[in-house]
Every structure is written in structure tokens, then in C-alpha cells.
Amino acid sequence: MNDNKPDVDTIEDYLNGRLDDAAVERLELWLADQPEVLDDIQNELAIRTAAKELFAKKPLQKSKQSHRFLNGIKEKLIYTLLGAVAASTTTFFMLQKQQTLSIEANIPIVTLSHIRGTIDSGFNPVTTIELSKENSRVILVVQLTEIESSTYNVVLRQHQQEKNILTITDLKPFGMGDLQVAIPSSYLKPGNYWLDAYIADSRVESLPFSVD
């Protein structure tokens, strides 16, 4: 097995034909032991080559690297490959960053409670959220007292701070009339927050909570 693992820049240079012969040989020796990576690179290389040639309105030409992968590809398949650009590009750049998809379990779901009084009449949160390092996000639930619109805008802000942290637009009520918002944990440092719900520019809900 070849353990000479390339970095992201090397793979990008390979796709763009910028590697010398020695570097190409080292990379392809490593790829021989990585069939899944090889498949992704083959697809990306095919799409890039096809797109470049089509938009240049020139006959399909093959570079030194693409020649190895495109021998069996007919020109009529180019259009099919172009149709897959969006999906394959996402997959490929995840590969470049060496990311591995994982399923997150036990995502905290927190229903924010209403308090008596007018909006911003004082900060007396009923809800306190405790987040761990394993939680990449938390789902906040706003129970609307009355459904007055088909869509809402939701704003996350820190207590006594003018700048909004996060704004989500055109959120539709779910189930029995709840607004459910997935907030990345990176936005929620320890402190006091408000989650506001708007119809257009009119604020209809304002719920306080704390994060430990």
C-alpha cells in the first residue's frame, strides 16, 4: 500500500494538469489503493474537461491526465455529465477537505416558553439550554399563540445587543403551529438571548432564553 497521501493543493493541481510527470506518477500510485477517491477524481476530471471544451466550442481534447480516464467516453455523454455538475461538485469538494459524512444523533430540541408582560419588559428566561461539544446544533421551537400568517421571519439576538446574530426568512409553521429553527451551536455562546418572530416588520413573538 502507498501511504504517500496527497494534500488538497496537489489534487487540484492534478485536475488542472499542473503536476510534472514524477508528481503525477506518485499521485496515481496512491490512487491505485483508493478506489473511491479515484472514482470521484475521474468524474470531476471528466466534467471539467467536457465543460471546458463545450463552452470553448472546440472538439473534445484530452490532457495528459484526462486521457487515462476518458478513453471510453463518447461525446454524446458530455451533456449528461454536465447535468451532474452540481451534485458531483459538492461531493468532490467534501473529498478535497477530507470530510467524512456522519449522522448526528440526540440533537437537543428545546421549546421556548412564553413569559408574562410586554416584549422586552425585562429578561426573565424560563428556559436554559445546556450544550455539549458533541452538539453541533440545537432546534428551538416557538409555539405560536395564534397563526396569523403563512410565513414568518425569525431573528436570533443577544440580550441588550442591537446587532442581530441570525435571521431566517419565510419560515412556515409546522405541525400544530410551531416554528422550528435549527441553530448552529457556534452561534450560541454562554449568555442571554431572544428569539423573535416577525410577520413582515411587525414583531409578534419575543422569547428569552439562556445558554450555559
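Just so we're aligned: the sequence shown equals residues 109 to 320 in the numbering used here.
Just so you know, even glycine gets a beta-carbon here, dropped at the ideal spot from N, CA and C.
Could you tell me if I149 is buried or exposed, where buried requires 16 or more neighbouring beta carbons within 10 angstroms of its beta carbon?
-> Here residue 149 refers to the residue found at position 41 of the sequence shown. With 16 or more other Cβ atoms within 10 Å, it is buried.
Nearest candidate by alpha-carbon position, reference L296, set F282, A131, L264 | Counting from 1 along the sequence shown, the entry for residue 296 is found at position 188. Looking at the Cα atoms, L264 is the closest of the given residues.
What number of angstroms, rounded off, separates the C-alpha of A140 from the C-alpha of D320?
-> Position 32 of the sequence shown holds residue 140. Position 212 of the sequence shown holds residue 320. A140 and D320 have their C-alpha atoms spaced approximately 49 Å apart.
Residue(s) in a DSSP beta bridge with P292 = By one-based count along the sequence shown, residue 292 stands at place 184. Residue pairing by DSSP places P292 opposite R245 in a beta bridge.
Going along the chain, which residues of its own chain have a beta-carbon closer than 7 Å to the beta-carbon of P114, five neighbours each way excluded?
-> The sequence position of residue 114 within the sequence shown is 6, counting from 1. Cβ within range, chain order: L135, W138.
Whose CA, out of E238, F282, V312, lies closest to the CA of N300?
-> Your numbering for residue 300 matches position 192 in the sequence shown. Closest by alpha carbon: E238.
How would you label I326, buried or exposed, when you count the other beta carbons within 10 angstroms and need 16 or more for buried?
-> Residue 326 lies beyond the range of the chain shown here (109 to 320); nothing can be said about it.
Can you say whether K294 is buried or exposed, counting buried as having 16 or more other CB atoms within 10 angstroms of its CB?
-> Looking up residue 294 in the sequence shown gives position 186. According to the sequence as given, residue 294 is Ser; it is not Lys. Residue environment for S294: exposed (fewer than 16 other C-beta atoms within 10 angstroms of its C-beta).
Determine the extent of the alpha helix (DSSP H) in which D129 is found, giving its start and end residues.
-> Stepping through the sequence shown from its first residue, residue 129 is reached at position 21. Taken as a continuous stretch (DSSP letters only), the alpha helix (DSSP H) holding D129 covers 129-139.
Do you know how far the Cα of W302 is from the Cα of E270?
-> Numbered from its first residue, the sequence shown carries residue 270 at position 162. Numbered from its first residue, the sequence shown carries residue 302 at position 194. Using only the alpha carbons, I get a separation of about 11 Å.
To the nearest angstrom, report how far apart E120 and Q142 are at their CA atoms.
-> Start at 1 with the first residue of the sequence shown, and residue 120 comes out as number 12. Start at 1 with the first residue of the sequence shown, and residue 142 comes out as number 34. When rounded, the distance between both Cα atoms is 17 Å.
Can you give me the start and stop residues for the beta strand (DSSP E) that D323 sits inside?
-> The question about residue 323 has no answer, for the chain in this structure spans 109 to 320.
Name the two residues that bound the continuous beta strand (DSSP E) containing E313.
-> Numbered from 1 along the sequence shown, position 205 holds the residue referred to as residue 313. From DSSP, the beta strand (DSSP E) with E313 extends over 310-319.
What's the call for Q261, buried or exposed, on a 16-neighbour Cβ count within 10 Å?
-> Counting from 1 along the sequence shown, the entry for residue 261 is found at position 153. Checking the displayed sequence, the identity of residue 261 turns out to be Asn instead of Gln. By the 10 Å Cβ count, N261 comes out buried.
Taking the C-alpha atoms as reference points, what is the distance between F282 and L274?
-> Here residue 282 is taken as the residue at index 174 of the sequence shown, counted from 1. Here residue 274 is taken as the residue at index 166 of the sequence shown, counted from 1. Near 20 Å, if we compare the C-alpha coordinates of L274 and F282.
Between I247 and I217, which are expected to be in contact by the criterion C-beta below 8 Å, what is the C-beta distance as a whole number of angstroms?
-> Residue numbering aside, residue 247 sits at position 139 when the sequence shown is read from its first letter. Residue numbering aside, residue 217 sits at position 109 when the sequence shown is read from its first letter. The pair is a contact, with the Cβ atoms about 5 Å apart (cut-off 8 Å).
According to DSSP, what are the bridge partners of Q150?
-> Mapped onto the sequence shown, residue 150 falls at position 42. Assignment of beta-bridge partners to Q150 by DSSP yields no partner.
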